[in-house]
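Take a look at the structure set out below.
Numbering (the numbering used here), first residue to last: 1 to 202.
Here is the structure:
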């Protein structure tokens, strides 16, 4: 049985990539959220837990056994070398988890992977196409202010740390405008028609 096409969906904070993924999900397409799955694995995968504690110490996890994000962030925030080592522990496990997940959906025309950071299709990943969800910056900030308990200054700092819109454009094969002027559903349906043929880009 052949493996499905792998479609990456990415976009800056507040762009609405999760809404787009929900629409694909409504069409019966399985969605893998790389960021939340990585968090789950960091909390539950014995291999990751053991290696993170060996690298960063017992305080990396709370007494309840939860990943201590604040503590770990404080250690790796300005330490590029340490961050690389941490990523080298987590990323291979997430990659294997993704591969297993895709394998579980063999026979389907395509599956969707959602992630905040993404390379171009075929660039150190198994993606066939990348869809970039776009929205004007001010609209994105308004959305996050309504959704999260964050100040505008905090949100702008997060946006600054993320990949720029120009850089994100370079990785996209398709673009969805989520600017509240362009209708979202027809854009998703158009891509669904393209992807369900199962034709690979490379």
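Beta carbons: idealized from backbone N, C-alpha and C, even for Gly.
None of the values given here were measured: they were computed from a predicted structure.
Asked: For residue 116 and residue 68, the rounded distance between their alpha carbons; Found: 21 Å
Asked: Host beta strand (DSSP E) of residue 5 (start-end); Found: 5 to 10
Asked: Helix, strand or coil at residue 77 [DSSP, three-state]; Found: coil
Asked: Own chain partners of residue 30 with C-beta closer than 6 Å, once the 5 adjacent residues on each side are dropped; Found: 105 and 111
Asked: Cα-Cα separation, residue 234 to residue 126; Found: Lying outside 1 to 202, the shown extent of the chain, residue 234 is not represented and no answer is given.
Asked: Length of the line joining the Cα atoms of residue 153 and residue 28; Found: 38 Å
Asked: Sub-8 Å separation of residue 41 and residue 100 beta-carbons; Found: no
Asked: Reduced DSSP secondary structure (H/G/I, E/B, other) of residue 169; Found: helix
Asked: Option nearest residue 208 by Cα separation, candidates 182, 109 and 114; Found: The structure shown has nothing for residue 208, since the chain only spans 1 to 202.
Asked: 3 or more residues per run - each beta strand (DSSP E) lying fully within the stretch 96 to 140; Found: 110 to 114 and 129 to 134
Asked: Per DSSP, cross-strand counterpart(s) of residue 187; Found: Residue 187 pairs with nothing; no bridge assigned.
Asked: Residue 163 - DSSP class collapsed to helix/strand/coil; Found: coil
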